[in-house]
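Trainee: I'd like to ask you about the structure that follows.
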Amino acid sequence: MKEMKEKSKSRTDAATPDTFDNDKWVLRLYVAGQSPKALTAFANLKKICDEQLEGKYSIEVIDLLINPQLGSEYQILALPTLVRKLPVPVRKIIGDLSNTERVLVGLDLLQTN
Amino acid sequence: MSRSSNTLLNKNLQKSPTGIQGFDEITCGGLPTGRPTLICGGAGCGKTLFGMEFLVRGATQFNEPGVFVSFEETNEELTQNVASLGFDLDQLIRQKKIALDHVHIERSEIEETGEYDLEGLFIRLGYAIDSIGAKRVVLDTIESLFAGLPNQLILRAELRRLFRWLKVKGVTAIITGERGEATLTRQGLEEYVSDCVIMLDHRVTEQTSTRRLRVVKYRGSIHGTNEYPFLIDENGFSILPVTSLGLKHSISNERISSGIIALDKMLEGKGYYRGSTILISGTAGVGKTSISAHFAEAACKRGERVLYFCFEESPNQLMRNMLSIGIDLKPWVEKGLLQFQATRPTFYGLEMHLSATHKAVNGFKPHIVIMDPINTFIIGEKEIEVKIMLMRIVDYLKSNQITALFTSLTSGENSFEQTDVGISSLIDTWLLLRDIELSGERNRGMYVLKSRGMAHSNQIREFILTDHGVELQEVYIGANGVLTGSARIAQEANESAEMLTRKQDIERIKRDIDRKRKSLEAQIIALQTNFESEESEAIKMIETEQDSIKRLEQDKIEMAESRKADDDSPAI
């Protein structure tokens, strides 16, 4: 949980996506509070990223209960939602990310493998 | 639900007025406060607009801010679309009276990877509601979610939760839904939103479109159950529940002239009642419009305003034609007392006509409304619908104390006493014009078929169009029936000839008697003179006789004196 908060704070680091090269992955995880689904999603995401994108990703966690106005930027309805901001195009993955294969499809990581 | 608990709920059920013209009357106050209402209907029937007007009116008239969550249109599109109806959303948004939220979901961008819920939507909605203190919410059209989210099980569970959540929030919500094949909505939203369901419908019959609204259900409240026609025009929604007015209009005893003296005479010598409904029916070319024009002119002369709906002729044509029978309507138009509204009945649907009538009447505030002719509406419309529309017009005009004059064209084969539109029961005074074919001529006859509340004439009058207007002539009832036209003129000639002879006879007799009297008088005078002369002769003789007697006596006395006779000796 501490990890999540840390990442949440680090949001500003990822605020200038243009400076990243194409290989830099900027991910955003939208959650509502620290629900079991949110925790599972974060854990799953961390695991996948560590396996697939080691060292070239940043995760930003946005808690809509704290910042509800941020929900409309990426048309967030379902929670949790993972948004791949970079590389473009923007992709959205909903659910707790427990289906790893589908997450990889959603992130376009299957082909790169 | 038992009846008693139903009435109990009704007492307690709070309603939020929509401010939409006519809708609050149908639903006895508006939508259920703090509950979701489902508005369903096909594409383009006005669901979004209904929702938007509900919010705008709520924000502007009832001080209830509202949130519009659009699943289809973007905020800019929405603002533009409703600007054409006179709603300035931008300003309302600035004033924090309305919040727009465009919720967009793209199926191709979404990958499902396990358990999720729609908390994000709840949070956004909750945020929007709290940011302006909204009391009203519109979700338009939430069914789009079904296209965007693949897992229907989750979606349905979440929708159920959403509607419950809206209730807990205490907002009055409108949820719109596209109409389904067999169900009210494509995704069966009526399962979740069941407090109040309103159905909008957009039907095209015989090339004219009509919008209709129906309250399918309204838990805990009484409501009108009919299909109500409605319109979307520059003032937004307007529903016409005029049939619910009831028969409560106040009535007037004032009488107004029909503009034709002879016709007034047939109606107790006073004319029509103010605020009554007059129907003039007849076959083609019998002079229905002429009678209408007379009425219009008479009203204008009294200084009253007349609204003339003509459905067959253009105003100029009508004025020209009326000039030929000596009715000049142009000055009244110029003075602003007479206004023409000319539209083809097929130009738009019945409801639009109804609304156009309402608008024109509201705008012009006439004393008299003339519709000429009403049965052209039947083209392409069902009779019953026309009747309902006319009933609404009649109700509306009556409740405003406006005298209405309708004309109706009957076709030759039809029974005369049945108008095509079948509105006879709505009519107070019914004049029937008919043509009478006799001895190679076609003449016009007129009679009062009915006139409520007055002892009207039962006579058929011959109806003549002259260059100085309509004239009504007595008709002759001869052995062959009613005599009109030249037959009547011949009869009149006959009669006047007879009269002349009779007159001459009388004069002759008078002269005879005169002469007799004169000769008698002459005789009397002659006899009298005779008598007088005889009388005077007789008097003369008597006088002479008396003189001679006196003389004799005198002589006797003298003689006696001379003879010294005794005094007592008898004379002679």
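Protein sequence lines, in the order shown, are assigned to chains H and A. Counting in this note's numbering, the first sequence runs from 1 upward without gaps. Counting in this note's numbering, the second sequence runs from 1001 upward without gaps. Quick reminder that beta carbons are idealized off the backbone N, C-alpha and C, glycines included. Predicted model only: the values in this text are computed from it and were never measured.
Given a cut-off of 7 Å on the beta-carbon distance, is the pair A/Tyr1272 and A/Thr1429 in contact?
Mentor: Taking 7 Å as the Cβ cut-off, A/Tyr1272 and A/Thr1429 qualify as a contacting pair.
Trainee: Between the Cα of A/Thr1067 and those of A/Leu1049, A/Glu1111, A/Gly1086, A/Ile1132, spot the shortest distance and give me the residue it belongs to.
Mentor: Checking the sequence, you will find Val at residue 1067 of chain A rather than Thr. Nearest option by C-alpha distance: A/Ile1132.
Trainee: With DSSP as the reference, identify every bridge partner of A/Gly1469, one or two as the case may be.
Mentor: The partner list for A/Gly1469 (beta bridge, DSSP) reads A/Thr1466.
Trainee: Quick one: give me the first and last residue of the beta strand (DSSP E) that A/Lys1450 is part of.
Mentor: Its beta strand (DSSP E) spans residues 1441-1451.
Trainee: Could you please give the first and the last residue of the uninterrupted beta strand (DSSP E) stretch that includes H/Arg84?
Mentor: Run containing H/Arg84: 81-86, per the beta strand (DSSP E) assignment.
Trainee: Which ranges would you report for the beta strand (DSSP E) in the segment 1269-1351 of chain A if only whole runs of at least 3 residues count?
Mentor: Runs found: 1277-1282, 1306-1310, 1338-1342.
Trainee: Can you give me the C-alpha to C-alpha distance between A/Asp1090 and A/Leu1189, rounded to a whole angstrom?
Mentor: So the alpha carbons of these two residues sit roughly 31 Å apart.
Trainee: Suppose the cutoff is 7 Å on Cβ atoms and the five residues either side in sequence are ignored; what does the same chain contact list for A/Ser1276 look like?
Mentor: Closer than 7 Å at Cβ, skipping near neighbours: Thr1403, Asp1428, Thr1429.
Trainee: Look at the Cβ atom of A/Phe1406, then the Cβ atom of A/Met1454, and state whether they are nearer than 7 Å.
Mentor: No, they are not a contact pair.
Trainee: So, with DSSP's three-state summary, where would you put A/Glu1437?
Mentor: Looking at A/Glu1437 - three-state DSSP - the assignment turns out to be strand.
Trainee: Is it true that the CB of A/Gln1491 sits closer than 7 Å to the CB of A/Lys1483?
Mentor: Sequence inspection shows Leu at residue 1483 of chain A; the Lys mentioned does not correspond to that position. Result yes, Cβ atoms of A/Leu1483 and A/Gln1491 sit closer than 7 Å.
Trainee: Kindly say whether A/Ile1132, judged by its beta-carbon, lies nearer than 7 Å to any beta-carbon of chain H.
Mentor: Not an interface residue.
Trainee: So is A/Arg1160 buried or exposed if we call it buried at 16+ other beta carbons inside 10 Å?
Mentor: Exposed.
Trainee: List in chain order: all unbroken beta strand (DSSP E) runs of 3+ residues lying wholly within the segment 1039-1117 of chain A.
Mentor: Complete beta strand (DSSP E) runs here, min 3: 1066-1070, 1098-1102, 1110-1112.
Trainee: Check whether the Cβ of A/Gly1114 lies closer than 7 Å to any Cβ atom in chain H.
Mentor: With 7 Å as the cut-off, A/Gly1114 counts as an interface residue toward chain H.
Trainee: A/Arg1164 CB to nearest chain H CB: under 7 Å?
Mentor: Cβ-Cβ to chain H under 7 Å: no for A/Arg1164.
Trainee: Comparing the C-beta of A/Ser1016 with each C-beta of chain H, is any distance below 7 Å?
Mentor: Judged by the 7 Å Cβ criterion, A/Ser1016 is not in contact with chain H.
Trainee: Since I believe A/Arg1035 is in contact with A/Thr1172 (beta carbons under 8 Å), could you give me their beta-carbon distance rounded to a whole number of angstroms?
Mentor: Contact flag correct, Cβ pair sits at about 7 Å.
Trainee: Along chain H, which residues have their Cβ under 7 Å away from the Cβ of A/Ile1110?
Mentor: Near A/Ile1110 (Cβ distances below 7 Å), the residues of chain H are Lys92, Ile94.
Trainee: By DSSP, does A/Thr1357 sit in helix, in strand, or in coil?
Mentor: Of the three classes helix, strand and coil, the one that applies to A/Thr1357 here is helix, per DSSP.
Trainee: From A/Leu1213, A/Phe1163, A/Thr1048, A/Lys1097, pick the residue whose C-alpha is nearest to that of A/Glu1191; which is it?
Mentor: When only C-alpha atoms are compared, the closest one is A/Phe1163.
Trainee: Within the continuous beta strand (DSSP E) that includes H/Ala78, where are the two ends?
Mentor: Where H/Ala78 is concerned, there is no enclosing beta strand (DSSP E), given that its DSSP letter is neither H nor E.
Trainee: I'd like to know whether the C-beta atoms of A/Tyr1116 and H/Ala78 end up nearer to each other than 7 Å.
Mentor: Cβ distance < 7 Å, so A/Tyr1116 and H/Ala78 count as in contact.
Trainee: At least one CB of chain H closer than 7 Å to the CB of A/Gly1120: is that the case?
Mentor: A/Gly1120 counts as touching chain H.
Trainee: Please confirm whether A/Asp1435 and A/Val1286 have their CB atoms less than 7 Å apart.
Mentor: Against a cut-off of 7 Å, the Cβ pair of A/Val1286 and A/Asp1435 comes out as a contact.
Trainee: How is A/Asp1372 classed by DSSP in three states: helix, strand or coil?
Mentor: Residue state, collapsed to three classes: strand.
Trainee: Work out the CA separation of A/Ile1174 and A/Gln1152 for me, nearest whole Å.
Mentor: Roughly 22 Å between the two C-alpha positions.
Trainee: I need the boundaries of the beta strand (DSSP E) containing A/Ser1424, first residue and last residue.
Mentor: Looking at the DSSP string, A/Ser1424 is not in any beta strand (DSSP E), and its letter there is neither H nor E.
Trainee: Taking only beta carbons into account, state which residues of the segment 37-50 of chain H come closer than 9 Å to chain A, listed in chain order.
Mentor: Cβ contacts with chain A: Lys37, Thr40, Ala41, Asn44.
Trainee: Answer yes if the segment 1254-1267 of chain A comes into contact with the segment 1294-1301 of chain A, meaning at least three C-beta pairs across the two stretches below 8 Å, and no otherwise.
Mentor: Yes, since at least three Cβ pairs between the segment 1294-1301 of chain A and the segment 1254-1267 of chain A fall closer than 8 Å, the two stretches touch.
Trainee: Could you give the residue range of the alpha helix (DSSP H) that holds H/Glu60?
Mentor: Segment 57-63 is the beta strand (DSSP E) holding H/Glu60; no alpha helix (DSSP H) there.
Trainee: For a quick check, are the C-beta atoms of A/Val1470 and A/Ser1290 less than 7 Å apart?
Mentor: Contact: yes.
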